[in-house]
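Protein chains in written order, with the UniProt record's numbering: chain V, 1 to 221; chain Y, 1 to 221.
Protein chains: 2
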Amino acid sequence: MGPKYSSSRENYLKAIFHLQEIHGTVTTNHVAGELQTRPASVTDMLKKLKAQKLLLYEKYKGFKLNTEGRKVALQIIRKHRLWEFFLVEKLHFRWDEVHEIAEELEHISSKKLIDRLDEFLGFPKTDPHGDPIPDSQGRWTLTHQVDLLNLPVNLVAEVSGIGDQSAEILELLNHKHIALGTRLEVKKKFAFDNSLEIKIRNQSVTISEHVAKNVFVKYDE
Amino acid sequence: MGPKYSSSRENYLKAIFHLQEIHGTVTTNHVAGELQTRPASVTDMLKKLKAQKLLLYEKYKGFKLNTEGRKVALQIIRKHRLWEFFLVEKLHFRWDEVHEIAEELEHISSKKLIDRLDEFLGFPKTDPHGDPIPDSQGRWTLTHQVDLLNLPVNLVAEVSGIGDQSAEILELLNHKHIALGTRLEVKKKFAFDNSLEIKIRNQSVTISEHVAKNVFVKYDE
DNA sequence: TTAATTTTTTAGATTTGTCTAAAATTTATT
DNA sequence: AATAAATTTTAGACAAATCTAAAAAATTAA
Ligand SMILES: [Mn+2]
Ligand SMILES: [Mn+2]
Ligand SMILES: [Mn+2]
Ligand SMILES: [Mn+2]
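Below, the structure written as structure tokens:
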């Protein structure tokens with residue numbers, strides 16, 4: 001048997017899942033923006049996902065995944081993140097190169113494949129961007145993290161996640177040698193533009209509010 | 001950019017490539033049989049592949065790939081066989097489990113991915129069924145092998161390839177402990193039904209003509 | 001509370017890949 | 001060579017996913 005849902009449907013499920021994590025409920029325009037498609041196409045797909053009993057949807061009223069839809073979405077996210085981990089750890093890709101490839105690999109249907117891959121990789125808990133990898137039952141361990149704007153000054157912390165994951169921000173972070181696991185300290189906050197001066201391996205680095213908002217760290221206590 | 005050709009088109013190219021290796025030129029029914037589809041669907045696709053300049057085709061006259069079509073087909077075969085190797089060597093799948101999964105993985109488009117995978121695997125020359133893996137330029141080294149029916153008696157040889165690769169024959173070979181690299185010797189040929197008695201690790205095993213025809217070996221001299 | 005604006009849905013097309021049934025062509029048989 | 005059988009192609013249909021333009025509904029502003 002082939003895949004249970006088409007790649008397109010899987011992409012919709014994943015996008016809706018992510019959007020409802022942020023906004024609680026999801027709108028047609030949200031999804032169209034996320035998937036670079038037209039609102040009319042989204043509406044078409046909503047009907048299909050509802051007919052397949054993956055989605056709670058009444059027209060003009062917004063929508064969200066039901067239990068089954070969430071379950072399916074989590075398995076796709078699991079595949080996406082395990083493949084990203086594989087690409088970085090085993091094939092030595094950079095973290096800003098893996099997303100697009102994983103966008104394709106996440107649609108490979110074999111469950112056995114993904115469980116074997118998980119084992120081969122040593123059951124990693126997070127992907128190369130610090131995002132948690134659901135286990136084969138769709139569970140994940142959530143880590144409590146704060147963004148850099150909310151990190152108290154003079155407190156050593158470790159980078160544990162990235163919000164916006166566009167190639168642009170990843171390139172900037174690469175340049176400033178900020179990666180997952182990097183230890184750093186906020187030395188100064190400028191009230192004028194909310195920019196920060198941080199210390200990384202004894203080097204002083206300045207980052208904008210926009211960047212700071214998208215870098216998450218964890219620290220003791 | 002996404003894939004250059006759809007999965008469907010890639011499957012046709014691969015099927016035509018294999019069939020023309022055997023028969024020189026290919027017919028509509030051949031392809032329909034190979035791809036489990038209808039002759040009318042094949043004709044439809046032939047027109048598209050011709051329009052894309054991958055195929056030499058005039059109606060009612062048979063067809064074959066042109067240089068470009070062959071090039072594309074070889075890259076898909078490369079991907080298929082590298083993924084099969086990965087599945088067996090790294091994820092410990094059996095050789096009779098990998099074909100279907102590789103049928104999906106072969107359509108992942110990233111060229112960089114497949115070249116990195118090749119490197120990660122140590123540039124293997126053959127897949128788990130003994131078939132050669134084309135390099136990134138589409139070249140492969142052909143090995144001269146004979147099937148078991150044509151192996152002289154009392155001559156130690158090594159299994160190097162399998163003809164028919166259905167799950168059924170692979171299961172039979174597994175059961176009789178015949179795998180790639182197995183060393184064996186034909187001890188007796190029965191003229192009555194062309195069955196063979198062969199010696200594997202000092203054990204005597206009998207195989208039918210049908211099996212013998214599909215087991216290829218190489219030997220010195 | 002109307003009116004204007006934005007969002008969402010519908011109606012109708014288009015593209016890709018597939019199918020069945022019928023027609024055209026080639027191949028095999030008498 | 002004529003006929004029968006097999007193969008291949010065409011004609012016309014359908015499902016999936018997408019789009020544009022227009023209509024409907026909801027939201028915001030006056
Ligand atoms: Mn995807
Ligand atoms: Mn990621
Ligand atoms: Mn395939
Ligand atoms: Mn193989």
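The beta-carbon is built from N, C-alpha and C at its ideal position, and this holds for glycine as well.
Problem - Assumed close pair Val211/Y, Ile169/Y - CB separation to whole angstroms, cut-off 8 Å - result: 7 Å between Cβ atoms; contact.
Handout entry: Residue of Trp95/Y, Asn66/Y, Thr182/Y and Ala102/Y minimising C-alpha distance to Ile16/Y
Key = Residue Asn66/Y holds the alpha-carbon nearest to the alpha-carbon of Ile16/Y among Trp95/Y, Asn66/Y, Thr182/Y and Ala102/Y.
Problem - heavy atom of ligand 4 below 7 Å from His23/Y C-beta - result: Because no heavy atom of ligand 4 lies under 7 Å away, the Cβ of His23/Y does not count as near it: no.
Problem - Contact set between Glu104/V and chain Y, taken where Cβ atoms lie within less than 7 Å - result: Within 7 Å of the CB of Glu104/V, the CB atoms of chain Y belong to Ile108 and Ser109, in sequence order along the chain.
Practice task
Can you have a look at Pro152/V and say buried or exposed, based on whether 16 or more other CB atoms are within 10 angstroms of its CB?
Solution key: Exposed, by the Cβ-count rule.
Practice task
Kindly examine ligand 4 and report whether one of its heavy atoms sits closer than 7 Å to the Cβ of Leu201/Y.
Solution key: Correcting the residue identity first, residue 201/Y is Arg in this sequence and not Leu. Outside the cutoff, so no.
Practice task
Could you tell me if the beta carbon of Glu197/Y falls within a distance shorter than 7 Å of some heavy atom in ligand 1?
Solution key: Judged by the Cβ position, Glu197/Y fails to qualify as a neighbour of ligand 1 at the 7 Å threshold, every heavy atom of the ligand being at least this far.
Handout entry: Touch test, the segment 46–56 of chain V against the segment 7–24 of chain V, Cβ-Cβ under 8 Å, three pairs minimum
Key = Yes: the two stretches touch, three or more of their Cβ pairs being nearer than 8 Å.
Handout entry: Bridge-paired residues (DSSP) for Val146/V
Key = In the DSSP output, where bridge partners are listed per residue, Val146/V has Val217/V.
Handout entry: Cβ neighbours of Lys199/V in the same chain (closer than 7 Å, five flanking residues each side left out)
Key = Result list for Lys199/V: Leu184, Glu185 and Lys187, in chain order.
Practice task
For Arg94/V, decide whether its Cβ has a neighbour in chain Y, counting only Cβ atoms nearer than 8 Å.
Solution key: No, Arg94/V does not count as interfacial toward chain Y.
Practice task
List the residues of chain Y that Lys90/V touches, going by C-beta distances under 7 Å, in chain order.
Solution key: Simply Phe120.
Problem - Simplified DSSP assignment, three categories, for Ala191/Y - result: Here Ala191/Y carries a coil assignment [DSSP, helix/strand/coil].
Practice task
Using DSSP bridges, identify the partner residues of His133/Y.
Solution key: Note on identity: in this sequence residue 133/Y is Ile, with His being the wrong assignment. Paired residue(s): none; Ile133/Y is not in a bridge.
Practice task
Note down the Cα distance separating Lys111/Y from Arg94/V, rounded to an integer number of angstroms.
Solution key: Near 16 Å, if we compare the C-alpha coordinates of Arg94/V and Lys111/Y.
Problem - Distance between beta carbons of Asn202/Y and Ile162/Y, contact taken as under 8 Å - result: Incorrect: roughly 23 Å between the Cβ atoms, too far for contact.
Handout entry: Any chain Y beta carbon closer than 8 Å to Glu82/V
Key = Residue identity check: residue 82/V is Leu in the sequence provided, not Glu. Answer no: the Cβ-Cβ gap between Leu82/V and chain Y never drops below 8 Å.
Handout entry: Short CB-CB distance (under 8 Å) between Arg116/Y and chain V
Key = Yes, contact with chain V.
Exercise for the section: Could you tell me whether any non-hydrogen atom of ligand 1 is closer than 7 Å to the CB of Glu97/V? Expected result: Glu97/V Cβ: outside cutoff for every heavy atom of ligand 1.
Handout entry: Thr182/V to Lys176/V span [Cα, whole Å]
Key = Near 11 Å, if we compare the C-alpha coordinates of Lys176/V and Thr182/V.
Practice task
Take Asn29/V as the anchor and find which of Arg38/V, His23/V, Ile22/V and Pro124/V has the nearest alpha-carbon.
Solution key: Checking every option, the nearest Cα to that of Asn29/V belongs to Arg38/V.
Practice task
Identify, in the order they occur along the chain, each residue of the same chain with its Cβ nearer than 7 Å to the Cβ of Gly33/Y, setting aside the five sequence neighbours on each side.
Solution key: The beta carbon of Gly33/Y sits closer than 7 Å to no other beta carbon from its chain once the five residues preceding and following it are set aside.
Practice task
Flag Asp131/V as yes when its Cβ comes closer than 7 Å to any non-hydrogen atom of ligand 2, and as no otherwise.
Solution key: Annotation for Asp131/V indicates a beta carbon within 7 Å of some heavy atom of ligand 2.
Exercise for the section: Determine, using beta carbons only, whether Leu91/Y and Phe120/V come nearer to each other than 8 Å. Expected result: In this structure, Phe120/V lies closer than 8 Å to Leu91/Y by Cβ.
Problem - Contact list for the UniProt domain "HTH dtxR-type" (1–66) of chain V against chain Y, Cβ threshold 9 Å - result: Of all residues in the UniProt domain "HTH dtxR-type" (1–66) of chain V, Gly2 and Pro3 have a Cβ within less than 9 Å of some Cβ in chain Y.
Practice task
Run the proximity test for His92/Y: is its beta-carbon closer than 7 Å to any non-hydrogen atom belonging to ligand 3?
Solution key: No.
Handout entry: Under the three-state DSSP convention, the category Ile200/Y falls into
Key = In the structure shown, Ile200/Y sits in a strand (DSSP, three-state: E or B).
Exercise for the section: Step through the CB atoms of chain V and report whether any lies within less than 8 Å of the CB of Ile101/Y. Expected result: It does; some Cβ of chain V falls within 8 Å.
Handout entry: Outcome for Asp127/Y when other beta-carbon atoms lying within 10 angstroms are tallied against a minimum of 16
Key = With a 10 Å radius around the Cβ and a threshold of 16 neighbouring Cβ atoms, Asp127/Y comes out buried.
Handout entry: Neighbourhood of His8/Y by C-beta, 8 Å cutoff - its chain only, sequence neighbours within 5 removed
Key = This sequence places Ser at residue 8/Y; His is not what is there. The residues are Met45.
Practice task
For Leu113/Y, decide whether its Cβ has a neighbour in chain V, counting only Cβ atoms nearer than 8 Å.
Solution key: Against chain V, the CB of Leu113/Y has a partner CB under 8 Å away; the residue lies at that interface.
Practice task
Using only the heavy atoms of ligand 3, determine whether one of them is closer than 7 Å to the beta carbon of His80/V.
Solution key: With a cut-off of 7 Å, the C-beta of His80/V is classified as distant from ligand 3, since no heavy atom of the ligand falls inside that distance.
Handout entry: Candidates Thr143/Y, Gln137/Y and Glu100/Y: closest to Ser166/Y by CA position
Key = Out of Thr143/Y, Gln137/Y and Glu100/Y, Glu100/Y has the C-alpha closest to the C-alpha of Ser166/Y.
Exercise for the section: In the DSSP assignment, find the unbroken alpha helix (DSSP H) run with Ile76/Y in it and report its ends. Expected result: Element bounds for Ile76/Y: Thr67 to Glu89.
Practice task
Say yes only if the C-beta of Phe17/V is nearer than 7 Å to one or more non-hydrogen atoms of ligand 5, and no if none qualify.
Solution key: Because ligand 5 does not appear in the structure shown, any question about it cannot be addressed here, the ligands present being ligand 1, ligand 2, ligand 3 and ligand 4.
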